[in-house]
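Undergrad: Can you keep this structure in mind? I'll have questions shortly.
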Amino acid sequence: MAAVQETVEAVASLEKYEHGFTTEIDQEFAPKGLSEDIVRFISAKKDEPQWMLDWRLEAYRRWLELEEPDWAKVNYPKIDYQDSYYYAAPKTKEGPKSLDEVDPEILAVYAKLGIPLKEQEVLAGVEGAPRYAVDAVFDSVSVVTTFKKELAAVGVIFCSMSEAIREHGDLVKQYLGSVVPTSDNYFACLNSAVFSDGSFVYIPPGVRCPMELSTYFRINAKDSGQFERTLIIADKGAYCSYLEGCTAPMRDENQLHAAVVELVLLDDAEIKYSTVQNWYPGDPETGKGGIFNFVTKRADCRGDRSKVSWTQVETGSAVTWKYPSCVLRGEGSSGEFYSIAVTNGHQQADTGTKMIHLGANTRSRIVAKGISAGKSTSTYRGLVSAHPKAKGARNFTQCDSLLIGKTCAAHTIPYIEARNSQSVFEHEATTTRLSDDQLFYCQQRGLSQEEAVALLVNGFVKDVLQQLPMEFAVEAQKLVAISLEGSVG
9 MAAVQETVEA
19 VASLEKYEHG
29 FTTEIDQEFA
39 PKGLSEDIVR
49 FISAKKDEPQ
59 WMLDWRLEAY
69 RRWLELEEPD
79 WAKVNYPKID
89 YQDSYYYAAP
99 KTKEGPKSLD
109 EVDPEILAVY
119 AKLGIPLKEQ
129 EVLAGVEGAP
139 RYAVDAVFDS
149 VSVVTTFKKE
159 LAAVGVIFCS
169 MSEAIREHGD
179 LVKQYLGSVV
189 PTSDNYFACL
199 NSAVFSDGSF
209 VYIPPGVRCP
219 MELSTYFRIN
229 AKDSGQFERT
239 LIIADKGAYC
249 SYLEGCTAPM
259 RDENQLHAAV
269 VELVLLDDAE
279 IKYSTVQNWY
289 PGDPETGKGG
299 IFNFVTKRAD
309 CRGDRSKVSW
319 TQVETGSAVT
329 WKYPSCVLRG
339 EGSSGEFYSI
349 AVTNGHQQAD
359 TGTKMIHLGA
369 NTRSRIVAKG
379 ISAGKSTSTY
389 RGLVSAHPKA
399 KGARNFTQCD
409 SLLIGKTCAA
419 HTIPYIEARN
429 SQSVFEHEAT
439 TTRLSDDQLF
449 YCQQRGLSQE
459 EAVALLVNGF
469 VKDVLQQLPM
479 EFAVEAQKLV
489 AISLEGSVG
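When we follow our numbering, the leftmost residue of the sequence shown carries the number 9, and every step to the right adds one.
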């Protein structure tokens, strides 16, 4: 009950999206619009080698040939790609080398968001204190990455993508685009042309990363999009836990977030990738504003016995369109997907996962929880596929939807392809409504209506919350309840 009470108190203390503030800061912009000149501008700003510019230009030319997809179960106004800034960054002479060189106003933004970067550095020497290395991305640039020296001491590379391209070009060139090719889809192609930062991680053979790695993405500039690129490579026998979070100001205009995440796992490697997505969802009454969250995430389990686990809590953005996926290539490799997708007001979500079994004796598990309230819609779309050579492949899928109120909707669209006779796929799905009887029963036991909703929802999503690191799980639990504020009655 203590956890429920804490959640209820958090809900009561918030009347609106608490991260919706803007920060007045001197920034530099690329000219508005998208063209080959803009692609060259971004590459020049990042001081990139010629091969990287050529890679971007190839992606841009391919993007011009593609048509924006419209098959998802979402409706949104047509995006004007010429009415956006593709590069926005705080004005600095050169990238900061330490926290002491970061603009205090930017540090204050992250402290206000609950990420006190300087305090984390101070607490690093305190016994029992949680240790998180953070890459803080502000609009189009990484403003600082913490604990780089400590990680480098054990061979771990954790830096911005821009730095990785300059300092670790051979690694980037080898793996960039090898999981999500430039022409994979419309938004991945756009990202490949204009991405300006993101995180790069390399874990050497046999190394267990000594601390959690995390990236926090903040959109601040008006009329700008965010197009980060994340690349994580876990070498043989390596382990890494990576967390990401995100927020944006409250604005009447929509802004586009089109990211790409690539994970590469070699023999016996493991990556846990956790996301708490809290982009501005738009006005709950009118549906005006909010972020379009169109993201491509994919893991390639190339090595035998490699393992990847995606865990996501999606509570924000006006429109979410993403399917974190696993290509299970290595023999005995495994993939997991745990998801909570919460929609309220006028939010729309079309999300799910793909488990592609290519290797023998591969395993996958999917647990997806969708919660719809207000006038929102939530769609789970999943693909489980077994190649003819994927003998002994197994999958278990559990897809549950919870409706709160009478004007929301939930949809489930599973695709199952078994192309050999020795694979076993299990799928179960439920759709339920939060009933008056359940609320009445809880209220008869002395709970308020908000406490009753929090209790029932927390029980519904506990299977996924248990997969998150402890600090993330506590925050995610609060966030789920806050996102459903006012959904009953």
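For glycine and all other residues, C-beta sits at the position ideal for the given N, C-alpha and C. Since the structure is predicted, the reported quantities are computational estimates derived from the model, not experimental observations.
Thinking C-alpha only, which one of Gly353, Glu73, Val149, Glu322 is nearest Tyr346?
TA: Glu322
Undergrad: Ala256 to Leu366, Cα distance in whole Å?
TA: Their Cα atoms are separated by approximately 39 Å.
Undergrad: Can you tell me the Cβ-Cβ gap for Tyr94 and Gly233, rounded? I've got them flagged as a contact below 8 Å.
TA: Here Tyr94 really is in contact with Gly233; their C-beta atoms are around 6 Å apart, less than 8 Å.
Undergrad: Grab me the residues of Ser409's own chain with a C-beta within less than 6 Å of its C-beta, minus the 5 sequence neighbours each way, in chain order.
TA: Gly378, Ala418, Thr439.
Undergrad: Is DSSP giving Trp79 helix, strand or coil here?
TA: coil
Undergrad: Could you check whether Met258 and Phe208 sit closer than 8 Å to each other, using their CB atoms as the reference points?
TA: no
Undergrad: For a minimum of 3 consecutive residues, which ranges assigned as the beta strand (DSSP E) are wholly contained in the region 214-297?
TA: 220-226, 237-242, 247-255, 262-265, 268-273, 278-285
Undergrad: Just checking my contact of Trp287 with Ser325 at CB under 8 Å: how many whole Å lie between their CB atoms?
TA: 4 Å
Undergrad: Between the Cα of Pro39 and the Cα atoms of Gly177, Asp231, Leu336, Ala398, which residue gives the shortest distance?
TA: Asp231
Undergrad: Please state whether DSSP places Tyr346 in a helix, a strand or coil.
TA: In this structure, Tyr346 counts as strand in the three-state DSSP scheme.
Undergrad: Just to check my reading of the structure: Ser342 and Pro477 have Cβ atoms closer than 8 Å, yes? What is that Cβ distance to the nearest angstrom?
TA: That belief does not hold up - the Cβ atoms of Ser342 and Pro477 are roughly 20 Å apart, past 8 Å.
Undergrad: Per DSSP, Asn403 forms a beta bridge with which residues?
TA: Its beta-bridge partners are Ser372, Phe433.
Undergrad: Count the other C-beta atoms from every protein chain shown that fall within 10 angstroms of the C-beta of Tyr331, then say buried if there are 16 or more, exposed otherwise.
TA: buried
Undergrad: Classify Gly454: buried if its beta carbon has 16 or more other beta carbons within 10 angstroms, exposed otherwise.
TA: exposed
Undergrad: Tell me which same chain residues have a C-beta within less than 8 Å of the C-beta of Lys156, skipping the five on either side of it?
TA: In the same chain as Lys156, and ignoring 5 residues on each side of it, the C-beta atoms closer than 8 Å to its own belong to Ala141, Phe166, Cys167, in chain order.
Undergrad: When we look at the beta-carbon of Phe302 and count the other beta-carbons within 10 Å, is it buried (16 or more) or exposed?
TA: buried
Undergrad: In the region 321-365, which residue ranges form an unbroken beta strand (DSSP E) of at least 3 residues, counting only runs that do not cross its ends?
TA: Listed in chain order, the complete beta strand (DSSP E) runs (minimum 3 residues) inside the region 321-365 are 327-330, 333-336, 342-351, 356-365.
Undergrad: State whether the region 144-151 contacts the region 202-217, with contact taken as three or more CB pairs (one from each stretch) at a distance under 8 Å.
TA: yes
Undergrad: Does the distance from the CB of Ala96 to the CB of Phe37 come in under 8 Å?
TA: yes
Undergrad: What residues are listed by DSSP as bridge partners for Arg389?
TA: Gly360, Ile421
Undergrad: Which of the three DSSP states, helix, strand or coil, is assigned to Cys416?
TA: coil
Undergrad: Use the C-beta contact count for Ser429: other C-beta atoms within 10 angstroms, 16 or more gives buried, fewer gives exposed.
TA: exposed
Undergrad: In three-state DSSP terms, what is Gln35?
TA: In this structure, Gln35 counts as strand in the three-state DSSP scheme.
Undergrad: Using only the alpha-carbon positions, how far apart do Glu220 and Thr154 sit?
TA: For Glu220 and Thr154, the distance between alpha carbons rounds to 12 Å.
Undergrad: Go ahead and pull the three-state DSSP assignment for Gly41.
TA: coil
Undergrad: Ala8 to Val180, Cα distance in whole Å?
TA: With the chain covering only 9 through 497, there is no way to say anything about residue 8.
Undergrad: Note down, in chain order, each residue of its chain lying with its Cβ closer than 7 Å to the Cβ of Arg427, except the 5 sequence neighbours on either side.
TA: Around Arg427: Ala394, His395, Pro396.
Undergrad: Can you give me the Cβ contacts of Asp275 inside the same chain, cut-off strictly under 8 Å, excluding the 5 residues immediately before and after it?
TA: Lys244, Gly245, Gly311, Asp312, Arg313, Ser314, Gly338
Undergrad: Please tell me whether Val375 and Val472 are closer than 8 Å, where the distance is taken between their beta carbons.
TA: In contact: Val375 and Val472 (Cβ atoms closer than 8 Å).
Undergrad: When the distance is taken between beta carbons, is Lys383 closer than 8 Å to Gly353?
TA: Yes; because the gap between Cβ atoms is below 8 Å, this pair is in contact.
Undergrad: Tell me which residues share the same chain as Glu135 and place their Cβ nearer than 7 Å to its Cβ, disregarding the 5 neighbours each side in the sequence.
TA: Confidence in Glu135 is poor, its pLDDT being 49 and thus under 50, which makes the residue's placement unreliable; the coordinate value appears in the next sentence. Correct list: empty, nothing qualifies.
Undergrad: State the CB to CB distance for the pair Val327 and Lys305, rounded to an integer number of angstroms; the pair is presumed to be in contact (CB under 8 Å).
TA: A Cβ-Cβ separation of about 16 Å leaves Val327 out of contact with Lys305 under the 8 Å criterion.
Undergrad: Can you name, in chain order, every residue of its own chain whose Cβ lies under 6 Å from the Cβ of Glu278, other than the five neighbours on each side?
TA: Tyr247, Lys315
Undergrad: Taking Leu391 as the reference, give the member of Gly340, Arg373, Ala349 with the closest Cα.
TA: Arg373
Undergrad: Would you mind giving the Cβ-Cβ distance between Val164 and Val215, rounded to the nearest angstrom? I have them listed as a contact below 8 Å.
TA: 6 Å
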